[in-house]
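Note sheet for the following structure.
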Amino acid sequence: MEKCAVLLSVLVLVWTPLGKSAEVPDFCKLFPPDGPSCLAYIPQIFYNSTSQECEEFIYGGCGGNNNRFDSKKKCMETCSPQPSGPKHEIMPLVPLVGRRSNKACTLPPKTGTCYARMPRYFYNSKTLKCEIFIYGGCGGNDNRFVTARECQLSCHHKVEQPTETPGTDQTDICLLPPEPGPCEAYIPRYHYNQKTQKCEEFVYGGCHGNQNNFINEEECMKKCKKD
(Lines of atoms letter the chains of each structure in order from A and count residues from 1; the text may use other names and numbers.)
(Lines give C-alpha, C1' and ligand atoms only; values in the text may rest on other atoms or scores of the structure.)
Protein backbone atom coordinates (compact mmCIF):
# COMPACT_ATOMS: atom_id res chain seq x y z
CA MET A 1 0.00 0.00 0.00
CA GLU A 2 2.84 2.37 0.86
CA LYS A 3 4.58 1.61 -2.46
CA CYS A 4 1.38 2.43 -4.36
CA ALA A 5 1.11 5.79 -2.61
CA VAL A 6 4.71 6.67 -3.58
CA LEU A 7 4.09 5.66 -7.21
CA LEU A 8 0.92 7.77 -7.33
CA SER A 9 2.83 10.78 -5.98
CA VAL A 10 5.48 10.37 -8.70
CA LEU A 11 2.84 10.18 -11.42
CA VAL A 12 1.13 13.32 -10.13
CA LEU A 13 4.45 15.19 -10.16
CA VAL A 14 5.25 14.08 -13.70
CA TRP A 15 1.85 15.11 -15.03
CA THR A 16 1.75 18.50 -13.33
CA PRO A 17 0.76 20.92 -16.16
CA LEU A 18 3.32 23.45 -17.32
CA GLY A 19 0.64 26.10 -17.59
CA LYS A 20 -1.41 27.45 -20.44
CA SER A 21 -0.76 30.65 -22.30
CA ALA A 22 -2.64 33.46 -20.62
CA GLU A 23 -5.29 35.14 -22.73
CA VAL A 24 -4.32 38.59 -23.95
CA PRO A 25 -6.84 41.44 -24.45
CA ASP A 26 -8.44 41.63 -27.90
CA PHE A 27 -7.16 45.19 -28.39
CA CYS A 28 -3.60 43.80 -28.49
CA LYS A 29 -4.46 42.44 -31.95
CA LEU A 30 -5.36 45.89 -33.29
CA PHE A 31 -2.97 48.01 -35.35
CA PRO A 32 -2.57 51.79 -35.27
CA PRO A 33 -4.88 53.66 -37.69
CA ASP A 34 -3.40 54.36 -41.13
CA GLY A 35 -3.08 58.05 -40.34
CA PRO A 36 -3.23 60.23 -37.23
CA SER A 37 -6.66 61.77 -36.49
CA CYS A 38 -5.01 64.86 -35.01
CA LEU A 39 -1.73 66.58 -35.74
CA ALA A 40 0.24 66.00 -32.54
CA TYR A 41 3.57 64.15 -32.67
CA ILE A 42 3.60 61.74 -29.71
CA PRO A 43 5.90 58.67 -29.85
CA GLN A 44 3.95 55.71 -28.43
CA ILE A 45 4.26 51.92 -28.37
CA PHE A 46 1.85 49.31 -29.78
CA TYR A 47 1.87 45.50 -29.70
CA ASN A 48 2.39 43.98 -33.15
CA SER A 49 0.59 40.63 -33.01
CA THR A 50 2.30 39.54 -36.24
CA SER A 51 5.90 39.99 -35.07
CA GLN A 52 4.88 39.49 -31.40
CA GLU A 53 6.97 42.53 -30.47
CA CYS A 54 6.20 45.97 -29.09
CA GLU A 55 7.01 48.63 -31.70
CA GLU A 56 7.08 52.40 -31.88
CA PHE A 57 4.53 54.50 -33.75
CA ILE A 58 3.47 58.15 -33.78
CA TYR A 59 0.17 58.99 -32.11
CA GLY A 60 -1.62 62.09 -33.38
CA GLY A 61 -3.19 62.92 -30.01
CA CYS A 62 -6.79 61.78 -30.44
CA GLY A 63 -8.79 58.78 -31.61
CA GLY A 64 -6.94 55.51 -32.13
CA ASN A 65 -7.47 52.44 -29.95
CA ASN A 66 -6.33 50.88 -26.67
CA ASN A 67 -3.29 49.21 -28.23
CA ARG A 68 -1.18 52.18 -27.22
CA PHE A 69 1.37 52.37 -24.40
CA ASP A 70 3.90 54.81 -22.97
CA SER A 71 6.65 52.18 -22.67
CA LYS A 72 7.69 48.83 -24.13
CA LYS A 73 7.67 47.35 -20.64
CA LYS A 74 4.00 48.18 -20.10
CA CYS A 75 3.18 46.96 -23.61
CA MET A 76 4.86 43.59 -23.06
CA GLU A 77 3.29 43.14 -19.62
CA THR A 78 -0.17 43.72 -21.09
CA CYS A 79 -0.05 42.03 -24.48
CA SER A 80 2.79 39.50 -24.66
CA PRO A 81 1.44 35.97 -24.05
CA GLN A 82 2.79 34.71 -20.72
CA PRO A 83 2.37 31.23 -19.24
CA SER A 84 0.08 31.04 -16.21
CA GLY A 85 -0.09 28.48 -13.42
CA PRO A 86 2.72 26.26 -12.06
CA LYS A 87 5.75 25.89 -14.26
CA HIS A 88 8.45 23.29 -13.60
CA GLU A 89 10.28 23.29 -16.91
CA ILE A 90 13.69 24.96 -16.96
CA MET A 91 14.63 26.45 -20.32
CA PRO A 92 18.28 26.96 -21.33
CA LEU A 93 19.51 30.51 -21.58
CA VAL A 94 20.00 31.73 -25.15
CA PRO A 95 22.45 34.60 -25.67
CA LEU A 96 20.96 37.63 -27.36
CA VAL A 97 22.68 38.74 -30.54
CA GLY A 98 22.51 42.42 -31.43
CA ARG A 99 23.31 42.00 -35.09
CA ARG A 100 20.56 41.73 -37.67
CA SER A 101 20.32 38.86 -40.15
CA ASN A 102 21.99 39.07 -43.55
CA LYS A 103 18.57 39.31 -45.15
CA ALA A 104 17.49 42.30 -43.03
CA CYS A 105 20.62 44.24 -44.01
CA THR A 106 19.80 43.85 -47.71
CA LEU A 107 16.22 45.11 -47.45
CA PRO A 108 15.35 48.50 -49.00
CA PRO A 109 14.35 51.33 -46.65
CA LYS A 110 10.64 51.22 -45.88
CA THR A 111 8.81 54.31 -44.66
CA GLY A 112 5.89 52.34 -43.18
CA THR A 113 2.20 53.19 -43.04
CA CYS A 114 2.16 56.19 -40.66
CA TYR A 115 2.90 59.83 -41.42
CA ALA A 116 5.58 60.91 -38.99
CA ARG A 117 8.92 62.22 -40.25
CA MET A 118 11.54 60.44 -38.15
CA PRO A 119 15.15 60.39 -39.42
CA ARG A 120 16.46 56.81 -39.31
CA TYR A 121 19.35 54.88 -40.89
CA PHE A 122 19.34 51.85 -43.18
CA TYR A 123 22.22 49.78 -44.55
CA ASN A 124 22.67 50.22 -48.30
CA SER A 125 24.14 46.95 -49.55
CA LYS A 126 25.13 48.60 -52.85
CA THR A 127 27.17 51.48 -51.46
CA LEU A 128 28.14 49.49 -48.31
CA LYS A 129 27.20 52.51 -46.21
CA CYS A 130 24.57 53.37 -43.64
CA GLU A 131 22.37 56.09 -45.09
CA ILE A 132 19.60 58.25 -43.71
CA PHE A 133 15.94 57.91 -44.67
CA ILE A 134 12.61 59.14 -43.30
CA TYR A 135 10.56 56.68 -41.26
CA GLY A 136 6.80 57.20 -40.90
CA GLY A 137 6.63 55.91 -37.33
CA CYS A 138 5.09 52.42 -37.61
CA GLY A 139 5.48 49.31 -39.74
CA GLY A 140 8.54 49.15 -41.98
CA ASN A 141 11.19 46.43 -41.74
CA ASP A 142 14.25 45.45 -39.69
CA ASN A 143 16.71 47.45 -41.80
CA ARG A 144 16.11 50.51 -39.64
CA PHE A 145 18.37 52.01 -36.97
CA VAL A 146 18.31 55.05 -34.70
CA THR A 147 22.00 55.89 -35.28
CA ALA A 148 24.53 55.29 -38.05
CA ARG A 149 26.82 53.55 -35.55
CA GLU A 150 24.12 51.04 -34.58
CA CYS A 151 23.55 50.39 -38.28
CA GLN A 152 27.26 49.79 -38.99
CA LEU A 153 27.69 47.48 -36.00
CA SER A 154 24.67 45.45 -37.04
CA CYS A 155 25.19 45.17 -40.79
CA HIS A 156 28.74 46.05 -41.87
CA HIS A 157 30.72 43.06 -43.20
CA LYS A 158 27.58 40.89 -43.11
CA VAL A 159 26.59 41.67 -46.69
CA GLU A 160 28.61 40.28 -49.56
CA GLN A 161 30.65 43.00 -51.18
CA PRO A 162 29.80 43.55 -54.85
CA THR A 163 32.54 42.89 -57.35
CA GLU A 164 33.65 45.85 -59.42
CA THR A 165 33.00 45.71 -63.13
CA PRO A 166 36.34 45.58 -65.01
CA GLY A 167 37.22 48.88 -66.61
CA THR A 168 34.83 50.92 -64.47
CA ASP A 169 36.34 54.24 -63.42
CA GLN A 170 35.21 55.50 -60.02
CA THR A 171 35.24 59.05 -61.40
CA ASP A 172 32.22 58.05 -63.54
CA ILE A 173 30.02 58.85 -60.57
CA CYS A 174 30.85 62.51 -61.13
CA LEU A 175 29.08 62.31 -64.49
CA LEU A 176 25.80 61.20 -62.93
CA PRO A 177 22.92 63.70 -62.62
CA PRO A 178 21.72 64.73 -59.15
CA GLU A 179 19.23 62.16 -57.88
CA PRO A 180 16.93 63.18 -54.96
CA GLY A 181 15.59 59.62 -54.49
CA PRO A 182 12.02 58.55 -53.66
CA CYS A 183 11.92 59.65 -50.00
CA GLU A 184 10.71 63.08 -48.87
CA ALA A 185 13.29 64.38 -46.44
CA TYR A 186 14.95 67.77 -47.01
CA ILE A 187 18.69 67.17 -46.79
CA PRO A 188 21.08 69.66 -48.45
CA ARG A 189 23.78 67.80 -50.41
CA TYR A 190 26.25 68.54 -53.22
CA HIS A 191 26.69 66.99 -56.65
CA TYR A 192 29.32 67.60 -59.31
CA ASN A 193 27.99 69.36 -62.42
CA GLN A 194 30.10 68.25 -65.38
CA LYS A 195 28.93 71.19 -67.53
CA THR A 196 29.86 73.95 -65.10
CA GLN A 197 32.70 71.89 -63.58
CA LYS A 198 31.50 72.99 -60.15
CA CYS A 199 29.97 71.29 -57.13
CA GLU A 200 26.41 72.52 -56.73
CA GLU A 201 23.85 72.12 -53.99
CA PHE A 202 20.71 70.00 -54.39
CA VAL A 203 18.07 68.56 -52.06
CA TYR A 204 18.37 64.86 -51.22
CA GLY A 205 15.21 63.01 -50.18
CA GLY A 206 16.98 60.72 -47.73
CA CYS A 207 17.17 57.33 -49.48
CA HIS A 208 18.42 55.71 -52.68
CA GLY A 209 19.76 58.21 -55.25
CA ASN A 210 23.27 57.71 -56.66
CA GLN A 211 26.90 58.21 -55.61
CA ASN A 212 27.16 61.74 -57.02
CA ASN A 213 25.98 62.84 -53.59
CA PHE A 214 28.34 64.54 -51.13
CA ILE A 215 27.87 65.95 -47.64
CA ASN A 216 29.84 69.12 -48.40
CA GLU A 217 31.34 71.01 -51.33
CA GLU A 218 34.92 70.23 -50.28
CA GLU A 219 34.35 66.47 -50.39
CA CYS A 220 32.67 66.81 -53.78
CA MET A 221 35.52 68.85 -55.30
CA LYS A 222 38.14 66.52 -53.88
CA LYS A 223 36.48 63.54 -55.54
CA CYS A 224 35.46 65.01 -58.89
CA LYS A 225 37.49 68.11 -59.76
CA LYS A 226 40.21 67.30 -62.27
CA ASP A 227 43.57 69.01 -61.93
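Heads up: the sequence shown is residues -21 to -1, 1 to 206, going by mature numbering (1 follows the signal peptide of the UniProt record, and there is no 0). By construction, the Cβ of each residue, glycine as well, lies at the ideal position given by its N, Cα and C atoms.
Taking 8 Å as the cut-off, the beta carbon of Arg96 is found closer than this to the beta carbon of Ile113.
Excluding the 5 residues flanking it on each side, Glu129 has same chain C-beta neighbours closer than 8 Å at Tyr100, in chain order. Around the beta carbon of Gly40, fewer than 16 other beta carbons sit within 10 angstroms, so the residue counts as exposed. Residue pairing by DSSP puts Glu179 in a beta bridge opposite His170. If you draw a 10 Å sphere on the C-beta of Gln23, you find 16 or more other C-beta atoms in it, and that means buried.
With contacts defined by Cβ atoms closer than 8 Å, Pro12 and Gly43 form a contacting pair.
With respect to Gln190, Thr85 sits apart: the two C-beta atoms are not nearer than 8 Å.
In the DSSP assignment, Glu129 falls within the unbroken alpha helix (DSSP H) covering Ala127 to Cys134. Here Thr126 is exposed: its Cβ has fewer than 16 other Cβ atoms, across all protein chains shown, within 10 Å.
Residue range Lys108 to Tyr114 is occupied by the beta strand (DSSP E) that includes Glu110. The straight-line gap separating the alpha-carbon atoms of Lys177 and Cys58 is approximately 57 Å. Each residue's CA atom was taken as its position, placing Gly116 and Thr90 some 8 Å apart. Sequence-distant Cβ neighbours of Ile21 in its own chain, meaning closer than 8 Å and more than five residues away, are Ile37, Tyr38, Gly39 and Gly40.
Close CB contacts of Val182 within its chain, under the 8 Å cut and outside five residues either way in sequence, are with Pro159, Tyr165, Ile166, Pro167 and Arg168 (chain order). Taking C-alpha positions only, Gly188 is separated from Pro60 by approximately 42 Å. Using a 10 angstroms sphere on the CB of Asn122, the tally of other CB atoms reaches 16 or more, which defines it as buried.
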